Structure formats: C-alpha cells, structure tokens
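A.B. asks: Below you will find the structure I want to go over with you.
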Amino acid sequence: MGRVAMLGAIFGALDSDNDGHLLSGELHWFAARTGFDGNFTTWIKHYPLLCKEKGVIPGRGWSRHDFFAMVNSKDCFCEDSELREVLAAISPAATPKAAKLSEATHVRAAGPTAA
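Using my numbering, read the sequence shown as starting at 1129 and increasing by one per residue.
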C-alpha cells in the first residue's frame, strides 16, 4: 500500500464521527502511537498549540489535507514504516471510530470545557 493510501486509511479510521475532520480525541489516538508520550490531559493542553502551529482551528479539527500535511511536514514527519505500524494497530477495538469515544473526548475547542 502506498503512502497516500495508508494516510487515507488511517484518517478514515480515526474520523469517528465521519465529519471529515479529526478533533482532539480522534487525533490523540494517532499521536500516542507516533511519538506523543503524554497522557490525555497533557494532550488536551498540547492540542491547541499544535493546531496554532499548523494553522488549524481547534474546534473545526484537522481536515484530510491538514492531516496529510502534518504527517508529511519536517517537524512531524512519519516514516512509511511507522504508518504501517499504525495501520497494523487499527482494529475495531483500537480506533476512535470503533470505540465511539465519548463527547468528553471530542474536545472541539482549545479547552476541555468548550462545546
């Protein structure tokens, strides 16, 4: 499977609400498997900073284009081997889509109290 296809498959699996954007909780699953070693509380604080750095509106989330650009960027680059490992980890019990993350996990803005 080529890089673009792998990224598309990963994005599709992470997009738990099928809205075409990855919110904090959806992106956390990927980040935790590609180098982010903090817990979810730390991620909630990091997410708006990452969004600002990459020009993404936290409450809108990461479009497919935004996600592909991040994963291909110099500072957040993921090797194909890393993407293959993420793809191998995707299972009905592992991804946000299958797990149907709670609304609390889907932080739509900079902070956990935002709607």
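The beta-carbon is built from N, C-alpha and C at its ideal position, and this holds for glycine as well.
Here the structure is a predicted model, which means the values were calculated and not measured.
(1) For I1138 and F1158, which I take to be in contact (beta-carbon distance under 8 Å), what is that distance rounded to the nearest angstrom?
(2) So, are the CB atoms of C1206 and T1162 less than 7 Å apart?
(3) Assign L1177 to one of two classes, buried (16 or more other C-beta atoms within 10 Å of its C-beta) or exposed (fewer than that).
(4) Check whether the Cβ of S1201 sits closer than 6 Å to any heavy atom of the ligand NAD, and report yes or no.
(5) Under three-state DSSP, which class holds S1191?
C.D. replies: In terms of the structure at hand:
(1) What you label residue 1138 is simply residue 10 of the sequence shown in a count that begins at 1. What you label residue 1158 is simply residue 30 of the sequence shown in a count that begins at 1. With a Cβ gap of about 7 Å, I1138 and F1158 count as contacting.
(2) Working through the sequence shown from its first residue, we reach residue 1206 at position 78. Working through the sequence shown from its first residue, we reach residue 1162 at position 34. Yes; because the gap between Cβ atoms is below 7 Å, this pair is in contact.
(3) The count along the sequence shown starts at 1 and reaches residue 1177 at position 49. Burial call: exposed.
(4) Here there are no bound small molecules, and the ligand NAD is not part of this structure.
(5) Residue 1191 sits at position 63 when you count from the first residue of the sequence shown. Three-state result, S1191: strand.
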